[in-house]
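The structure under discussion appears below in the form of structure tokens.
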Amino acid sequence: MITNISLVTVYCLDQDKARDFYVDVLGFEAGADITMGEGFRWVTVRHPSQPELQVTLMTPGPPLDADAADFIRRQLEKGAMGGLGLSVDDCRKTFEELSAKGVVFLQEPADRPYGVEAVMRDNSGNWLVLVEEKQWTPEDFDYPRG
């Protein structure tokens with residue numbers, strides 16, 4: 001029986017720089033850093049309040065074929081890859097703190113039906129969404145229902 005999600009992958013262009021960003025800027029903890037056969041490197045980080053979920057920082061390469069790896073690399077370079085949704089206690093305060101550390105934001109904090117949201121990029125071009133959640137119902141969304 002599946003008990004939880006324990007691992008997710010975020011592609012990056014440089015594993016050292018990505019690890020440093022997630023640890024030094026976002027407050028994650030370093031996890032595994034293992035080099036395996038043929039130069040494959042396994043690098044993970046995890047948030048201290050959710051240690052059971054590891055984020056693998058993976059460079060595009062095997063087991064992807066060359067075309068797929070090249071496609072992901074190009075998407076990262078132009079900032080077109082999604083990444084993670086990150087829960088925060090205070091989105092506006094976190095926005096200010098991370099902006100002061102030089103984090104690039106695509107969207108400043110904005111009120112949404114589900115809370116306050118800001119969108120930033122990690123140092124590989126992945127979009128990361130910060131969300132300060134609030135209670136909501138489907139009726140909070142002003143969209144036509146079919």
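Numbering-wise, the sequence shown is residues 1 to 146 according to full-length UniProt numbering. Glycine included, every Cβ here is placed at the ideal spot set by N, Cα and C.
Reference residue i, options the options, closest by Cα
| i | options | result |
| --- | --- | --- |
| glycine 61 | Phe21, Val119, Leu106 and Arg74 | Arg74 |
| aspartate 90 | Pro109, Leu128, Ile5 and Asp140 | Pro109 |
| arginine 112 | Phe95, Gly125, Asp140 and Leu128 | Asp140 |
| glutamate 117 | Gly85, Glu97 and Pro138 | Gly85 |
| valine 8 | Gly39, Ile34, Gly37 and Gln50 | Gln50 |
| residue 152 | Gln54, Gln15, Pro63 and Phe28 | Outside the displayed range of the chain (1 to 146) lies residue 152, so it cannot be described from this structure. |
| glutamate 77 | Asp16, Pro48 and Tyr11 | Tyr11 |
| lysine 101 | Met1, Ile2 and Val23 | Val23 |
| proline 48 | Ala32, Asp67, Phe28 and Ala66 | Phe28 |
Chain-order list of residues whose beta-carbon lies under 7 Å from that of residue i (same chain, five-residue window excluded)
| i | result |
| --- | --- |
| arginine 19 | Ala30, Val43, Val45 and Leu57 |
| valine 103 | Val25 and Met120 |
| glutamine 15 | Arg41, Val43, Leu57 and Thr59 |
Anticipated Cβ contact below 8 Å, residue i with residue j, distance rounded
| i | j | result |
| --- | --- | --- |
| glutamate 52 | asparagine 123 | So it is not a contact: roughly 25 Å between Cβ atoms. |
| leucine 13 | threonine 59 | 7 Å |
Residues near residue i by beta carbon distance below 8 Å, same chain, minus five either side
| i | result |
| --- | --- |
| valine 88 | Thr94, Leu130, Val131 and Glu132 |
| tryptophan 127 | Gly79, Met81, Gly82, Gly83, Leu106, Val119, Met120 and Arg121 |
| serine 99 | Phe105 |
| lysine 17 | Asn123 and Ser124 |
| residue 167 | Any property of residue 167 remains undetermined from this structure, which presents the chain solely from 1 to 146. |
Beta-carbon contacts of residue i that lie in its chain and below 6 Å, excluding the five residues immediately before and after
| i | result |
| --- | --- |
| tryptophan 136 | Pro113 and Tyr114 |
| phenylalanine 21 | Asp122 and Asn123 |
| residue 173 | Because the chain in this structure spans residues 1 to 146, residue 173 falls outside the shown range and cannot be described. |
| residue 159 | What is shown of the chain runs 1 to 146, which leaves residue 159 out entirely. |
| alanine 69 | Pro60 and Gly61 |
| arginine 92 | Pro109 |
| isoleucine 72 | Tyr11 and Pro60 |
Cβ-heavy atom distance, residue i to the ligand MG, below 8 Å
| i | result |
| --- | --- |
| proline 138 | The ligand MG is absent from the structure shown, which contains no ligands of any kind. |
Every unbroken beta strand (DSSP E) inside the UniProt domain "VOC" (4-133) [3 residues or more]:
7-11, 29-35, 41-46, 54-58, 82-87, 105-112, 115-121 and 127-133
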